[in-house]
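The structure appears below as structure tokens.
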Amino acid sequence: MTTPATAPSGNMKRKMKSAARLYAVQALFQMEHSSLTVDQVRLEFLDHRFGAIYEGDEMMEGDVDLFTKILEDAVAWQGKIDQMADRAIVARWAIARIDPTLRALFRAAGAELVNSDTPPRVIIKEFVDIAGAFYPEGKEPSFVNAVLDHMAREARPEAF
Numbered sequence: 306m307t308t309p310a311t312a313p314s315g316n317m318k319r320k321m322k323s324a325a326r327l328y329a330v331q332a333l334f335q336m337e338h339s340s341l342t343v344d345q346v347r348l349e350f351l352d353h354r355f356g357a358i359y360e361g362d363e364m365m366e367g368d369v370d371l372f373t374k375i376l377e378d379a380v381a382w383q384g385k386i387d388q389m390a391d392r393a394i395v396a397r398w399a400i401a402r403i404d405p406t407l408r409a410l411f412r413a414a415g416a417e418l419v420n421s422d423t424p425p426r427v428i429i430k431e432f433v434d435i436a437g438a439f440y441p442e443g444k445e446p447s448f449v450n451a452v453l454d455h456m457a458r459e460a461r462p463e464a465f
């Protein structure tokens, strides 16, 4: 049991949730490009990414429960999430034609939109920030914002 002295601060909890979302996008990308199962990828990330040190740089600890929930929900709800993303993509491209990193991002965000209590605006902001990290010079973050806004309004209309 964690004592108040060792429990993460509110700011650290937010950072851990942000890291979990980033790791979930990376894990979903990895699952699509390998023959690994959700359990295999989850264990790999928990063992080798969360808090790991590479070449002197420490990886951020992530919220394990959120990471696991996003992965499992993205797999369980993939059909529904992909259909929502398809309807949201203005260029009328099927999600299968979208960049694999964006596809993983839409699936991770969609998992939270479909099956969590997190406010949609928080989810959108978090995943737009992740898109900005992957595409710092591109238009992708704006695209992600538009697609996720559409997906959120479909998944959780009562929040708008």
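Residue numbering for the sequence shown follows our numbering, beginning at 306 and increasing consecutively. Just so you know, even glycine gets a beta-carbon here, dropped at the ideal spot from N, CA and C.
Rounded C-alpha distance that separates residue i from residue j
i	j	result
residue 388	residue 359	38 Å
residue 347	residue 465	33 Å
residue 356	residue 442	28 Å
residue 401	residue 367	29 Å
residue 332	residue 382	16 Å
residue 370	residue 338	24 Å
residue 462	residue 377	23 Å
residue 406	residue 432	12 Å
residue 334	residue 409	5 Å
residue 438	residue 330	12 Å
residue 365	residue 352	13 Å
residue 434	residue 412	15 Å
residue 384	residue 419	12 Å
residue 447	residue 386	19 Å
residue 398	residue 313	42 Å
residue 340	residue 374	20 Å
residue 440	residue 424	24 Å
residue 458	residue 451	11 Å
residue 318	residue 372	13 Å
residue 444	residue 414	18 Å
Cβ-based burial, residue i [other Cβ within 10 Å; buried from 16]
i	result
residue 379	buried
residue 456	buried
residue 392	exposed
residue 390	buried
residue 336	buried
residue 315	exposed
residue 321	buried
residue 308	Legend: pLDDT at residue 308 = 49, less than 50; position of this residue unreliable, no value from coordinates given.
residue 395	exposed
residue 417	buried
Local conformation of residue i per DSSP, three classes
i	result
residue 463	helix
residue 370	helix
Any C-beta of chain B under 8 Å from that of residue i
i	result
residue 327	Looking at the structure shown, chain B is missing, and only one protein chain is on hand.
Practice task
Output the residue ranges of the alpha helix (DSSP H) runs that lie fully inside the stretch 307-362 and measure 4 residues or longer, sorted by chain position.
Solution key: 315-337, 343-353
Handout entry: Any 3 or more C-beta pairs closer than 8 Å across the stretch 410-430 and the stretch 326-334
Key = yes
Practice task
With a floor of 4 residues, list each alpha helix (DSSP H) that falls wholly inside the stretch 373-460, ordered by position along the chain.
Solution key: 383-393, 405-419, 425-439, 445-460
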